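Just so we're aligned: 42 in the numbering used here is position 42 of the sequence shown, and the numbers increase by one with no gaps anywhere.
Glycine included, each C-beta is placed from N, C-alpha and C at the ideal position.
Since the structure is predicted, the reported quantities are computational estimates derived from the model, not experimental observations.
These notes concern the structure reproduced below.
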Amino acid sequence: MSQQLHAIVSFVPLSTCFVNLPFKWTQYLSEPNQLPQNVILELSWHDAKIAQGKAYVGWSGLSSKVDHSETIEIDPQFGEAIGLHNGQKIYVKHFSDILPETSIVVVEPISSDDWEIIERNDKYLEDCFIRQQRVVYPNEVIVLWINSNVTRIKIININTKGPCAKLSEGVQISVAPKLRKTKNSAEIKDIASNGIFNARVYCLRVLPRAFLSSDLLQPNANDFCTVYIHPSDLTRIGLPNPKIVRVSKVQPPYQNKETEDKSDNDARNNSLPALYVKVLEKGCVVPGHIVLCESIMDALDVQKFDIIRLAPPHIQSTSLTHIIIRCISSPFQSASLKLHSNARFVNTIIV
């Protein structure tokens, strides 16, 4: 196989980056008693999008199951990653040159999803790499199957000279992180003072006060306008002083199944009761949770372990025609007082 031979690509699920060769070719490679791990193949093809495609692959040691003298079997995910398609005609050449071995390979995940898979399975990365891949070259996109997860990575540096390199037995894989991009502000509608704004929104789960020791979080007279969260959550939210937030209940998705129109769902979420409260930090609160007093839970129609949305108030000056103040500190007071005002600024509003 020192010369180029014609072959037809057949996509077969192999879950490796190795290829299966036609039976006649395997006989030729077996004659000199060559070990499969020493066989490196150069694939080349012409494509309308690129002048010429080229890739280097290892042999699995197996022959193609298809009864065709020119069929080379490749895993479809790996084949598509290097630019091939099923049924494509390619040229195959046995790479007879002595390849250098590399002990360090620098790779980069294709996406943040791929990075998260690698991060969760970092202990298995090098083992999967050496079992599923034999040769690497710069800018190659390979596919790895790690604990039932499929991840794609790009070869950045092979730390050797030449077009490609074999992987040494103790190869070290250096992965460049690809963190998920986070938006500076979530595109969430926050209705305040007759306006709609873009705001950071955070969600915390309601922690019953009974889960905390009575001496850690004593109730006080200001509980009706105060909520408690863990210091780490307060730091993550990054509220300005004074630490005032708009809190509202997150409607569970299953309660909106009867509403098919997304605009109706948005309107329903925006129509839920909301309060502006002061946030205090307490180390006894479990991170990711929020502690509310009974009066706030009643006003928001919140149960234990419901999810609460927190957003900065974003109150702008506006012309008010009237203000409605409802008392929520006592269950026996249900009357509401309607005040007419032409004031342009309001310091405290309980809606």
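If you measure between the beta carbons of Pro22 and Ser69, is that distance less than 7 Å?
By one-based count along the sequence shown, residue 22 stands at place 22. By one-based count along the sequence shown, residue 69 stands at place 69. Yes. Within cutoff.
Can you say whether Thr16 is buried or exposed, counting buried as having 16 or more other CB atoms within 10 angstroms of its CB?
Locating residue 16 in the sequence shown gives position 16, where the first residue counts as 1. Counting Cβ neighbours within 10 Å, Thr16 comes out buried, since at least 16 surround it.
When you compare the CB positions of Val107 and Ile153, do they come within less than 7 Å of one another, or not?
If you number the sequence shown from 1, residue 107 lands on position 107. If you number the sequence shown from 1, residue 153 lands on position 153. A contact, by the Cβ cut-off of 7 Å.
Neighbour-count burial assignment, Pro109, 16 or more Cβ in a 10 Å radius:
Along the sequence shown, read from residue 1 onward, the residue named residue 109 stands at position 109. With 16 or more other Cβ atoms within 10 Å, it is buried.
With DSSP collapsed to three states, give me the class of Glu7.
Locating residue 7 in the sequence shown gives position 7, counting from the first residue. It should be noted that the sequence gives Ala, not Glu, for residue 7. DSSP places Ala7 in strand when its eight states are reduced to three.
Kindly identify the DSSP beta-bridge partner or partners of Thr71.
Translated into positions along the sequence shown, residue 71 becomes position 71. In DSSP, Thr71 forms a bridge with Ile8.
Quick check on the DSSP output: the beta strand (DSSP E) that includes Phe18 runs from which residue to which?
Here the question's residue 18 lines up with position 18 in the sequence shown. Where Phe18 is concerned, the enclosing beta strand (DSSP E) stretches over Phe18 to Leu21.
Short of 8 Å in beta carbon distance, which residues of its chain neighbour Gln52, apart from the five on each side in sequence? Order them along the chain.
If you number the sequence shown from 1, residue 52 lands on position 52. Closer than 8 Å at Cβ, skipping near neighbours: Ser44, Trp45 and His46.
Would you kindly check if the distance between the Cβ of Ile325 and the Cβ of Val247 is under 7 Å?
Locating residue 247 in the sequence shown gives position 247, where the first residue counts as 1. Locating residue 325 in the sequence shown gives position 325, where the first residue counts as 1. Not a contact, by the Cβ cut-off of 7 Å.
Would you mind listing the beta strand (DSSP E) stretches within the stretch 137-179 that are 3+ residues and don't spill past its ends, in chain order?
141-146, 149-157 and 165-175
Own chain residues within Cβ distance below 6 Å of Ile117, not counting five before or after
Translated into positions along the sequence shown, residue 117 becomes position 117. Hits under 6 Å: Asn149 and Thr151.
Helix, strand or coil for Pro273 per DSSP?
Numbered from its first residue, the sequence shown carries residue 273 at position 273. Coil at Pro273, not helix or strand.
Threshold first: 4 residues or longer. Then list the alpha helix (DSSP H) segments lying entirely within the stretch 37-120, N to C.
76-81 and 112-120
Mark Tyr56 as exposed unless 16 or more other C-beta atoms lie within 10 angstroms of its C-beta, in which case mark it buried.
By one-based count along the sequence shown, residue 56 stands at place 56. With 16 or more other Cβ atoms within 10 Å, it is buried.
Can you name the start and end residues of the beta strand (DSSP E) that Ala299 belongs to?
For the purposes of this step, residue 299 is identified with residue 299 of the sequence shown, where counting begins at 1. Per DSSP, Ala299 belongs to no beta strand (DSSP E); it is in the alpha helix (DSSP H), Glu294 to Leu300.
Where does Ser10 land, buried or exposed, given buried means 16+ other C-beta within 10 angstroms?
Against the sequence shown, residue 10 aligns to sequence position 10. Buried, because 16 or more other Cβ atoms sit within 10 Å of the Cβ of Ser10.
Please go through the same chain and pick out, in chain order, the residues whose beta-carbon is closer than 8 Å to the beta-carbon of Met297, but skip the five residues on each side of it.
Position 297 of the sequence shown, counting from 1, holds the residue named residue 297. Within the same chain, Met297 has close Cβ partners Val206 and Gln303.
Boundaries (first-last residue) of the alpha helix (DSSP H) holding Leu234
Reading the sequence shown from its first residue, position 234 is the one you call residue 234. Per DSSP, Leu234 belongs to the alpha helix (DSSP H) from Pro231 to Ile237.
Would you say Ile155 and Leu125 are within 7 Å of each other, going by their C-beta atoms?
Position 155 of the sequence shown, counting from 1, holds the residue named residue 155. Position 125 of the sequence shown, counting from 1, holds the residue named residue 125. Not a contact, by the Cβ cut-off of 7 Å.
For a test of the three-state rule: what should DSSP assign to Lys282, helix, strand or coil?
As a position in the sequence shown, residue 282 is number 282, starting the count at 1. Note: Lys282 maps to coil in three-state DSSP.
Kindly list the residues whose CB is nearer than 8 Å to the CB of Thr235, restricted to its own chain and excluding five residues on each side of it in sequence; keep chain order.
Within the sequence shown, numbered from 1, the residue matching residue 235 stands at position 235. The answer is none, since no qualifying residue turns up.
Measuring CA to CA, which of Leu35, Thr26 and His85 is closest to Ile8?
Reading the sequence shown from its first residue, position 8 is the one you call residue 8. Cα-wise, what sits closest to Ile8 is His85.
Does the separation of the CB atoms of Tyr276 and Ile229 fall below 7 Å?
Residue numbering aside, residue 276 sits at position 276 when the sequence shown is read from its first letter. Residue numbering aside, residue 229 sits at position 229 when the sequence shown is read from its first letter. Their beta carbons are not under 7 Å apart, which means Tyr276 does not touch Ile229 by this criterion.
The alpha helix (DSSP H) with Cys128 in it runs from where to where?
Reading the sequence shown from its first residue, position 128 is the one you call residue 128. Here the alpha helix (DSSP H) through Cys128 covers Leu125 to Gln132.
Please report the straight-line C-alpha distance between Val25 and Leu41, rounded to a whole angstrom.
Here residue 25 corresponds to residue number 25 of the sequence shown, with the count starting at 1. Here residue 41 corresponds to residue number 41 of the sequence shown, with the count starting at 1. According to the sequence provided, residue 25 is Trp. The question's Val does not apply to it. When rounded, the distance between both Cα atoms is 12 Å.
Reference Gln3; option with closest CA among Leu62, Gln88, Val105 and His94
Here residue 3 is taken as the residue at index 3 of the sequence shown, counted from 1. When each option's Cα is compared against that of Gln3, the closest is His94.
Which residues does DSSP list as the beta-bridge partners of Ala311?
Taking the first residue of the sequence shown as 1, we reach residue 311 at position 311. Answer is Arg246.
When you compare only the Cα positions, how much space is there between Ile237 and Glu140?
For the purposes of this step, residue 237 is taken as the residue at position 237 of the sequence shown. For the purposes of this step, residue 140 is taken as the residue at position 140 of the sequence shown. If I take the Cα positions, the gap works out to 41 Å.
Just confirm the distance between the C-beta atoms of Asp113 and Pro13, as a whole number of angstroms; I'd bet it's less than 8 Å.
Numbered from 1 along the sequence shown, position 113 holds the residue referred to as residue 113. Numbered from 1 along the sequence shown, position 13 holds the residue referred to as residue 13. Not confirmed; about 21 Å, so no contact.
Among Val39, Leu35, Trp115 and Ala274, nearest to Lys178 - alpha-carbon criterion
Locating residue 178 in the sequence shown gives position 178, counting from the first residue. Looking at the Cα atoms, Trp115 is the closest of the given residues.
Ser64, buried or exposed, once every other Cβ within 10 Å from all chains shown has been counted against 16
Translated into positions along the sequence shown, residue 64 becomes position 64. Buried, by the Cβ-count rule.
Report yes if the C-beta distance between Pro231 and Glu169 is below 7 Å; otherwise report no.
On the sequence shown, residue 231 is found 231 positions in, with the first residue counted as 1. On the sequence shown, residue 169 is found 169 positions in, with the first residue counted as 1. No, the pair does not count as a contact, with Cβ atoms beyond the cut-off.
On the criterion of 16 or more Cβ atoms from any shown chain inside 10 Å, does Gln34 qualify as buried, or is it exposed?
Reading the sequence shown from its first residue, position 34 is the one you call residue 34. When all chains shown are included, Gln34 counts as exposed.
Arg131 classed as buried or exposed, judged by whether at least 16 other C-beta atoms fall within 10 angstroms:
In the sequence shown, the residue the question calls residue 131 occupies position 131. By the 10 Å Cβ count, Arg131 comes out exposed.
Just grab the DSSP bridge partners of Val291 for me.
Here residue 291 is taken as the residue at index 291 of the sequence shown, counted from 1. Paired residues: Tyr228.
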